[in-house]
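Engineer: Please see the structure below; I have some questions.
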Amino acid sequence: MNPFSSGTRLRDMIRAIRSCKTAAEERAVVRKECAAIRAAISENDQDYRHRNLAKLMFIHMLGYPTHFGQMECLKLIASSGFPEKRIGYLGLMLLLDERQEVLMLVTNSLKQDLNHSNQYIIGLALCALGNICSAEMARDLAPEVERLLQFRDPNIRKKAALCSIRIIKKVPDLAENFINPAASLLREKHHGVLITGVQLCTDLCKVSSEALEYFREKCTEGLVKTLKDMANSPYAPEYDIAGITDPFLHIRLLKLLRILGQGDADASDCMNDILAQVATKIESNKNAGNAILYECVGTIMSIEDNGGLRVLAINILGRFLSNRDNNIRYVALNMLMKAITVDAQAVQRHRATILECVKDSDASIRKKALDLVYLLVNESNVKPLTKELIESLEASDQEFKGVLTAKICSLVEKFSPEKIWYIDQMLKVLSEAGNFVKDEVWHALIVVISNASDLHGYSVRALYRAFQTSTEQETLVRVAVWCIGEYGDMLVNNVGMLDIEEPITVTESDAVDALEVSIKRLNSDLTTKAMALIALLKLSSRFPSCSE
Amino acid sequence: MIHFVLLISRQGKVRLTKWYSPYSQKERTKVIRELSGLILTRGPKLCNFVEWRGLRVVYKRYASLYFCMCIDEDDNELEILEIIHHYVEVLDRYFGSVCELDLIYNFHKAYFILDELLIAGELQEPSKRTVARLVAAQDSLVETAKEQTSSITNIIAQVAK
Numbered sequence: 001m002n003p004f005s006s007g008t009r010l011r012d013m014i015r016a017i018r019s020c021k022t023a024a025e026e027r028a029v030v031r032k033e034c035a036a037i038r039a040a041i042s043e044n045d046q047d048y049r050h051r052n053l054a055k056l057m058f059i060h061m062l063g064y065p066t067h068f069g070q071m072e073c074l075k076l077i078a079s080s081g082f083p084e085k086r087i088g089y090l091g092l093m094l095l096l097d098e099r100q101e102v103l104m105l106v107t108n109s110l111k112q113d114l115n116h117s118n119q120y121i122i123g124l125a126l127c128a129l130g131n132i133c134s135a136e137m138a139r140d141l142a143p144e145v146e147r148l149l150q151f152r153d154p155n156i157r158k159k160a161a162l163c164s165i166r167i168i169k170k171v172p173d174l175a176e177n178f179i180n181p182a183a184s185l186l187r188e189k190h191h192g193v194l195i196t197g198v199q200l201c202t203d204l205c206k207v208s209s210e211a212l213e214y215f216r217e218k219c220t221e222g223l224v225k226t227l228k229d230m231a232n233s234p235y236a237p238e239y240d241i242a243g244i245t246d247p248f249l250h251i252r253l254l255k256l257l258r259i260l261g262q263g264d265a266d267a268s269d270c271m272n273d274i275l276a277q278v279a280t281k282i283e284s285n286k287n288a289g290n291a292i293l294y295e296c297v298g299t300i301m302s303i304e305d306n307g308g309l310r311v312l313a314i315n316i317l318g319r320f321l322s323n324r325d326n327n328i329r330y331v332a333l334n335m336l337m338k339a340i341t342v343d344a345q346a347v348q349r350h351r352a353t354i355l356e357c358v359k360d361s362d363a364s365i366r367k368k369a370l371d372l373v374y375l376l377v378n379e380s381n382v383k384p385l386t387k388e389l390i391e392s393l394e395a396s397d398q399e400f401k402g403v404l405t406a407k408i409c410s411l412v413e414k415f416s417p418e419k420i421w422y423i424d425q426m427l428k429v430l431s432e433a434g435n436f437v438k439d440e441v442w443h444a445l446i447v448v449i450s451n452a453s454d455l456h457g458y459s460v461r462a463l464y465r466a467f468q469t470s471t472e473q474e475t476l477v478r479v480a481v482w483c484i485g486e487y488g489d490m491l492v493n494n495v496g497m498l499d500i501e502e503p504i505t506v507t508e509s510d511a512v513d514a515l516e517v518s519i520k521r522l523n524s525d526l527t528t529k530a531m532a533l534i535a536l537l538k539l540s541s542r543f544p545s546c547s548e
Numbered sequence: 001m002i003h004f005v006l007l008i009s010r011q012g013k014v015r016l017t018k019w020y021s022p023y024s025q026k027e028r029t030k031v032i033r034e035l036s037g038l039i040l041t042r043g044p045k046l047c048n049f050v051e052w053r054g055l056r057v058v059y060k061r062y063a064s065l066y067f068c069m070c071i072d073e074d075d076n077e078l079e080i081l082e083i084i085h086h087y088v089e090v091l092d093r094y095f096g097s098v099c100e101l102d103l104i105y106n107f108h109k110a111y112f113i114l115d116e117l118l119i120a121g122e123l124q125e126p127s128k129r130t131v132a133r134l135v136a137a138q139d140s141l142v143e144t145a146k147e148q149t150s151s152i153t154n155i156i157a158q159v160a161k
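Chains as they are written, first to last, in the UniProt record's numbering: chain A, 1 to 548; chain C, 1 to 161.
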C-alpha cells in the first residue's frame, strides 16, 4: 500500500473509530490517520485534500488537536472548484477562530469569492465572513458586502444582510454606510430577505443612534404595515408553523418595533393597533403562538404607555403563569420581573399565582418565582406573603430551603411592622429550617429580643414551646437555650403574659432539664453546648434550689 | 444572538459544534464539558432553559440527541425552541427520517444545512423548502464536479494505457 496515501475513506475512518472499545484504541486509530494526513500535507497531495480535511474535522470534534490542518483549509479555499471551496470554508469555520492570525490570509480569497460568477460561491464566502471575521477583515471587505446587499439574487441579499451584522458589531464606525441599504431591504417581499433585513436594522439601531432616528422616522409606518399584512395573511404553506404565517418574521418585526417605539410617543402611537391585534388574535395553544405573544408583551411593556395595552399584556402573562407548560411559566416570570419596574401594581394582582410557582416542581421556576416575590413585598403585603413563603418552606427540598430561608429572613427584617410579628416569624423559620439560618441572622434575633423588654416573657415561653416540639434545628436550640438562661425566671413564673398567650406550666427543674437535653443531644456542636453551659450557670444563680 | 450551537448525545459525545462568538479552542472544550454536565443531568419534566454564566441555554432533546443553543438574556427563548425545531425538520427532510447515525457519518452535511439556517448567530431563512432547495442545488454542484473529474480521469487512464 502506498504509505503516502491516506487510504481510508471518511466513512471507513469513522466506522473504525466508533468500533474502538477503549480510549487507547481510539487514540491509536486517530494517531495513524493524523500521521497519514500529515504526510499527505507535506507531499502537497491534491487528490485527497478534500477528504483529509473532512477527516480532520471529525477528529477535531472528538477533541484532538488539529492545527496542522489549518493551512489545508486555505489551500482548498484557494482552489477553483466548488466542492473544494465548500469543504475548505467549512473547515475554516470549524478549525479556526477569529483570534488566529492565519485567518488574515484568507482575506484575499474571500475578496475574490465575493466577486465570483457562481452565486453559491459568493454565498460560501458571505457565510464564512459572517461567522468568523475579525475587525480587520470586516473593515477590508465591508464595501463588497455592502454592494451585495443589492445583488440580484435574494439568497445572496439575505446572507449579505447577516454578514453586515457581524461587520457593524466588529466595526461600529461602519454602521452609517449600511443604514440606507438596510432600509431598502425592509421593503422587500422575500421572507428570508425581510427577516435578515429587519435583524440588520435592529442591530444597527443598537450601535448607532443615527440609524435609530432614521429608521424611527422613515420606517416605522412601513414596518407596522408589514406586520399587519403578516398577521392578516392567508394560509401560506411554505411559511406556516402551527397555523401562523412565519412566526419568525412576526417576532423579528415586534423586536424592531420595540426599539423604535421605546422612548418615543409618536412611534409608539403608530403601533398600538397592530400590537393589540396580535395580542388578542394570536392563538396560544402552540409554542409558536406563545413565542409571538411573549415578544408582543415585551414590546408593549417597553414602549410608551398606553393603559389598555399594558393591562392586556399583563393579563397574557397572568394566563402564561397558569399554563401547564413549564417553559411558558418560566418566561412569564421572567417578563413579570421586567414588568415590575414599569407597572408594579398590575404585577401585584397576580401575586397568588406567583406564590404557587414558588412551590413548583421545577427548580428554575421556583427560583425565579422567589426572586419575583421578593421584589413584590412591601409594607402592606409583607404579612400574608411571609405566611405563604413559610408554608412553602415546609414543602421545599434541601437545595431550595437555603435560598428560601435567606430570602424570608431578609424580608422579615426589612419590612417588619412590629417586633412581636418579627419574633413569631423568625421562630417559625427557625423551627422549620434553622440549620439554614446564617449566624448574623440569629444574632440579630437575640439582640431584638433583648431590646424588647416587654416581650422577654413572651419570647422565652414561645421558644420553650418550640424547643419541646423540635430539637432538630441547631439554631433554634441555641436561641432557646440563650433565652432560657436569660429569662428563665419569667418562664417559670409566667411573667409578662400577653393576652394572646396560653398559660404554660414550667417548673424550675423543667427549665434545667431542657438545658441538659441541649447539651446531651447528639447533634449539638460546641457552640450550642457552650451556650447551654453558660445558660445553666445563669440559672444556677436564679434557681438556687436546683443547683445540682 | 445565538452564541453557539451544540449537539450532544446522551452519553456526552459531541456531534456538532458551531460558534458564533469568540471562544478559543481551550474555552470551547471547557464550555462543552460544563454544559454537558448541566444539561444531561436535568430531569425530563423540567423547563428547557438553563441559566449559565449570565447567558441562557435553550435545549431540546430529540431521541438520543440534545440540541442546545446559547442565547443572550434578553432573547426570546420560546423562539429559539422553534428555531431548533426548524433545524430538526430540515434535517429530517434531507436525510429522510433522520437519526443520530446520519449525523455522525454525514456531519459535514449537517453543518452545510446549519449554514443555510444561521449566520452570525441569527436566523437566515424561515422557509424549510428554500433551505432544502439551496442545499440540494449545492449538492448537485458537487455531484457534477465529481462526475467531471472521474470522466477526465477515465479519459486520461484510457490515453495512458
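Backbone N, C-alpha and C define an ideal beta-carbon position, used for all residues, glycine too. Since we're looking at a predicted model, the values are computed, not measured.
1) Measuring only the C-alpha atoms, how far is residue 469/A from residue 241/A?
2) For residue 168/A, I'd like the list of residues in its chain whose CB is within less than 7 angstroms of its CB, leaving aside the five on either flank, ordered along the chain.
3) Secondary structure at residue 69/C, three-state DSSP: helix, strand or coil?
4) Using a Cβ cut-off of 8 angstroms (strictly closer), state whether residue 11/C contacts chain A.
5) Tell me which residues share the same chain as residue 295/A and place their Cβ nearer than 6 angstroms to its Cβ, disregarding the 5 neighbours each side in the sequence.
6) Taking 8 angstroms as the cut-off, decide whether the C-beta atoms of residue 94/A and residue 60/A are in contact.
7) Which one of 71/C, 116/C and 153/C has the shortest CA to CA distance from residue 52/C?
8) According to DSSP, which residues form a beta bridge with residue 584/A?
9) Let me know if residue 334/A comes out buried or exposed under the rule of 16 or more other beta-carbons within 10 Å of its beta-carbon.
10) Just to confirm, is the Cβ distance from residue 126/A to residue 73/A under 8 angstroms?
11) Helix or strand or just coil, what does DSSP make of residue 235/A?
12) Give me the DSSP bridge partner(s) of residue 8/C.
13) Would you mind working out which of 484/A, 366/A and 413/A sits nearest residue 397/A, comparing C-alpha positions?
14) Please report the residue range of the alpha helix (DSSP H) in which residue 51/C lies.
15) Give the secondary structure of residue 532/A by DSSP, where H, G and I count as helix, E and B as strand, and everything else as coil.
16) Of the residues 101/A, 258/A and 357/A, which one's Cα is nearest the Cα of residue 67/A?
17) For residue 562/A, count the other beta carbons within 10 Å of its own beta carbon; 16 or more makes it buried, fewer makes it exposed. Which is it?
18) Just tell me which of 393/A, 47/A and 328/A has its CA closest to the CA of residue 150/C.
19) Could you pull out every unbroken alpha helix (DSSP H) segment of at least 4 residues lying fully inside the stretch 383-432 of chain A, listed in chain order?
20) Would DSSP call residue 59/C helix, strand or coil?
21) What's the C-alpha gap between residue 372/A and residue 337/A?
22) With DSSP collapsed to three states, give me the class of residue 122/C.
23) Helix, strand or coil: how does DSSP classify residue 195/A here?
24) So which of 283/A, 406/A and 414/A has the shortest CA-CA distance to residue 381/A?
25) Among 12/C, 11/C and 54/C, whose alpha-carbon lies nearest the alpha-carbon of residue 3/C?
26) Runs of 4 residues minimum, wholly inside the stretch 485-524 of chain A: which ones carry the alpha helix (DSSP H) assignment?
27) Within the chosen definition, does the stretch 444-454 of chain A reach the stretch 499-511 of chain A through at least 3 CB pairs nearer than 8 angstroms?
28) Identify every residue that forms a DSSP beta bridge with residue 2/C.
29) Please tell me whether residue 149/A and residue 181/A are closer than 8 angstroms, where the distance is taken between their beta carbons.
30) Alpha carbon to alpha carbon, how far is residue 88/A from residue 166/A? Give it in angstroms, no decimals.
31) Just curious, the alpha helix (DSSP H) that residue 467/A is in, first and last residue?
32) Determine the burial state of residue 327/A: buried for a count of at least 16 other Cβ atoms within 10 Å of its Cβ, exposed for fewer.
33) Okay, do the stretch 479-491 of chain A and the stretch 518-538 of chain A touch, 3+ Cβ pairs below 8 angstroms being the bar?
34) In angstroms with no decimal places, state the Cα-to-Cα distance between residue 270/A and residue 221/A.
Structural biologist: Here's the rundown:
1) 59 angstroms
2) 174, 175, 178, 203, 204 and 207
3) strand
4) no
5) 251 and 254
6) yes
7) 71/C
8) Residue 584/A cannot be examined here, being either before or after the span of chain A that is shown, 1 to 548.
9) buried
10) no
11) coil
12) 14/C and 66/C
13) 366/A
14) Here residue 51/C belongs to no alpha helix (DSSP H); instead the beta strand (DSSP E) covers 49-52.
15) helix
16) 101/A
17) Not covered by the structure: residue 562/A. The range shown for chain A is 1 to 548.
18) 47/A
19) 398-415
20) strand
21) 6 angstroms
22) strand
23) helix
24) 414/A
25) 54/C
26) 508-520
27) no
28) 71/C
29) yes
30) 21 angstroms
31) 456-469
32) buried
33) yes
34) 7 angstroms
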